[in-house]
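The structure appears right after this line, and notes come after that.
In our numbering, the protein residues as written are 12 to 136.
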């Protein structure tokens, strides 16, 4: 299968033509799979006339762990209570982020209302 390297806005882009099986399956080239950090799952997104396939980013240690712990300590939690509340709040982060992303996608598609810069900060009068 042909492979090409394209330049777009000074960003190197690798391109490969893939075969689609009779079951509508594709195989991600190993080079792409490894360099992008794919695991057991991938996310597919339709953007215009493009199908974007990207790895699902799992939260290993938690991007917000430090902030969550700081807040819990300020709230006076420690020991088992701290651990239990930390686990509870960490579990809430992914659904909240997914909800924010869904709302942003709706706004981008014109399906939801949004606040403009002026709505948030006002105008200079």
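Ideal placement from N, C-alpha and C gives every residue a C-beta, glycine not left out.
Separation of residue j from residue i, as counted between CA atoms
i, j, result
"residue 30", "residue 41", "15 Å"
"residue 84", "residue 105", "22 Å"
"residue 74", "residue 123", "28 Å"
"residue 59", "residue 120", "10 Å"
"residue 137", "residue 39", "Coverage of the chain is limited to positions 12 through 136, which leaves residue 137 absent and any answer about it impossible."
"residue 37", "residue 45", "16 Å"
"residue 102", "residue 92", "16 Å"
"residue 35", "residue 110", "29 Å"
"residue 130", "residue 108", "23 Å"
"residue 26", "residue 43", "10 Å"
"residue 94", "residue 132", "39 Å"
Residue i and residue j closer than 8 Å at C-beta
i, j, result
"residue 90", "residue 67", "no"
"residue 128", "residue 118", "no"
"residue 79", "residue 65", "no"
"residue 62", "residue 55", "yes"
"residue 88", "residue 77", "no"
Beta-carbon contacts of residue i that lie in its chain and below 8 Å, excluding the five residues immediately before and after
i, result
"residue 116", "none"
"residue 114", "123"
"residue 53", "39, 64, 65, 66, 67"
Contacting residues, own chain, Cβ-Cβ under 7 Å from residue i (five flanking each side not counted)
i, result
"residue 135", "none"
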